[in-house]
Ligand code: FES
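In my numbering, the protein residues as written are -12 to 133.
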């Protein structure tokens, strides 16, 4: 006799390895893993332009690397979505333009990063955040490692 209890259950989790390590061990553990375990390089299409509304941000994937796309003042910027301090999601941060160029404030502990260079402007982050080159062709946003 076959019952529902005999049915094997498989759960597929769509997470990159660093994100899995985040979930089980936090920032110190996930820092031991390469950001992009697939070692992808070159230009990759990551979004359509109309998916990224003016003055907004979304997260996309470059291989297994989560990347935050920002659109502000007509320009598009791409940064690693994980804050180097404790891996806060930069795509949820507030963007401002205050004379030092556009910056994003990490939503967790308020580190500020330059959208153009990724450098730390202010706050607890021990280092800057990786940036990506951006180009738009045929209404598609492409990014590449800088
Ligand atoms: S996680 Fe971004 S400042 Fe702490």
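Beta carbons: idealized from backbone N, C-alpha and C, even for Gly.
Taking the C-alpha atoms as reference points, what is the distance between residue i and residue j?
i, j, result
"residue 4", "residue 53", "11 Å"
"residue 82", "residue 28", "27 Å"
"residue 88", "residue 102", "8 Å"
"residue 73", "residue 80", "14 Å"
"residue 122", "residue 104", "16 Å"
"residue 61", "residue 37", "12 Å"
"residue 56", "residue 34", "9 Å"
"residue 67", "residue 99", "14 Å"
"residue 76", "residue 113", "16 Å"
"residue 85", "residue 97", "16 Å"
"residue 120", "residue 11", "31 Å"
"residue 90", "residue 78", "12 Å"
"residue 39", "residue 30", "18 Å"
"residue 124", "residue 8", "35 Å"
"residue 133", "residue 95", "26 Å"
Relative to the alpha-carbon of residue i, which residue among the options has its alpha-carbon at the smallest distance?
i, options, result
"residue 131", "75, 73 and 65", "65"
"residue 115", "93, 124 and 129", "93"
"residue 126", "85, 99, 86 and 32", "32"
"residue 6", "34, 51 and 56", "51"
"residue 118", "86, 124 and 71", "71"
"residue 128", "26, 63 and 96", "63"
Write down the C-beta distance between residue i and residue j rounded to the nearest angstrom, noting that I regard them as a contact closer than 8 Å.
i, j, result
"residue 58", "residue 41", "6 Å"
Can you find a CB in chain C that lies within less than 8 Å of the CB of residue i?
i, result
"residue 43", "Judged by its chain identifiers, the structure shown contains no chain C, having just a single protein chain."
Tell me whether residue i counts as near the ligand FMN, meaning its Cβ is closer than 7 Å to at least one heavy atom of that ligand.
i, result
"residue 78", "Ligands in the displayed structure: the ligand FES; the ligand FMN is not one of them."
Exercise for the section: Specify whether the segment 104 to 115 and the segment 41 to 56 touch according to this definition: at least 3 beta carbon pairs, one from each stretch, less than 8 Å apart. Expected result: Contact fails: fewer than three Cβ-Cβ distances are below 8 Å.
Problem - Any beta strand (DSSP E) of 3 or more consecutive residues that is wholly inside the segment 48 to 125 - result: 52 to 59, 62 to 67, 81 to 84, 89 to 92, 99 to 101, 107 to 109 and 118 to 124
Handout entry: Ranges of the beta strand (DSSP E) found wholly within the segment 21 to 45, counting only runs of at least 3
Key = Restricted to the segment 21 to 45, the beta strand (DSSP E) segments that are unbroken, complete and at least 3 residues in length are 31 to 35, listed in chain order.
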